[in-house]
Structures are given as C-alpha cells and as structure tokens.
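Under numbering that gives the first Met the number 0, think of the first position of the sequence shown as 0, with each following residue one higher.
Reading through the structure tokens given below for one structure.
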Amino acid sequence: MKTFLVLTIFFIFCCWTTVYAVRSPISDTCICPRIYSPICASNRKTYANSCLMKCESNHLIARGLQPLTILSFSSCEEDPVIGAISRIVKEQRFNHRYTNQNNLDI
C-alpha cells in the first residue's frame with residue numbers, strides 16, 4: 000500500500016511539473032554547454048553557441064518581441080563604419096575616466 004501511495008504521489012508530481020514546464024517554457028536561467036561554436040543571430044550579435052542564442056530568443060518571446068533566427072553559423076561581420084565609431088567611443092570613455100596617469104599603468 001505504501002508503495003502504491005508513493006508511486007501515485009510521484010506520478011502526480013511528474014505530471015504536474017511536466018504540465019507546468021509546457022505552460023511556462025521560459026525560465027530565468029539557461030543551462031548551456033561551454034562550447035564555442037559561434038552563431039550570428041538576426042539581431043546582428045554573435046552568440047557563443049546556438050543554445051545561448053535560443054536562450055536570448057526565449058527571453059525576447061517572453062517580453063512579446065520577435066524571436067531570433069540564425070543568419071549564419073559563424074561570427075557576425077562587423078560593419079567597418081560602426082566598428083570604427085564604437086572604437087572611438089570606447090577610446091573617448093577610456094581617456095575620460097583615466098586622465099591621471101597614476102590611476103592606470105599601461
């Protein structure tokens with residue numbers, strides 16, 4: 000009788016968690032392998048692997064936005080103009096924050 004009761008409770012728990020997972024597929028955390036296999040997504044960002052891209056896509060879907068799609072199975076190519084602008088902005092931030100040579104040893 001105890002075995003039947005334990006199995007029944009286990010079965011109910013398994014069914015409840017399965018239904019819950021189907022209703023709420025989005026979680027706050029994603030468990031992805033640490034494998035570097037770059038993916039260029041439709042937001043022009045490079046993700047380390049498809050799992051991380053899918054995780055970000057699920058977060059976008061949860062916020063009512065469009066999911067990400069794979070553009071290529073490689074790193075996204077950087078636009079030379081945008082890349083130059085972003086480097087200039089980073090350099091300006093760098094110079095602004097560390098004006099005193101004693102704060103930074105290069």
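Quick reminder that beta carbons are idealized off the backbone N, C-alpha and C, glycines included.
Here residue 64 is exposed, its C-beta having fewer than 16 other C-beta atoms within 10 Å. Taken through DSSP and simplified to helix, strand or coil, residue 28 comes out as coil. Sequence-distant Cβ neighbours of residue 71 in its own chain, meaning closer than 7 Å and more than five residues away, are 39.
By DSSP's assignment, residue 38 forms a beta bridge with 46. For residue 71, the enclosing beta strand (DSSP E) starts and ends at 69-71. With contacts defined as CB atoms closer than 8 Å, residue 59 and residue 31 fail to qualify as a contacting pair. Closest by C-alpha distance to residue 44, out of 61, 76, 57, 62, is 76. In this structure, the straight-line span from the alpha carbon of residue 61 to that of residue 53 is close to 12 Å.
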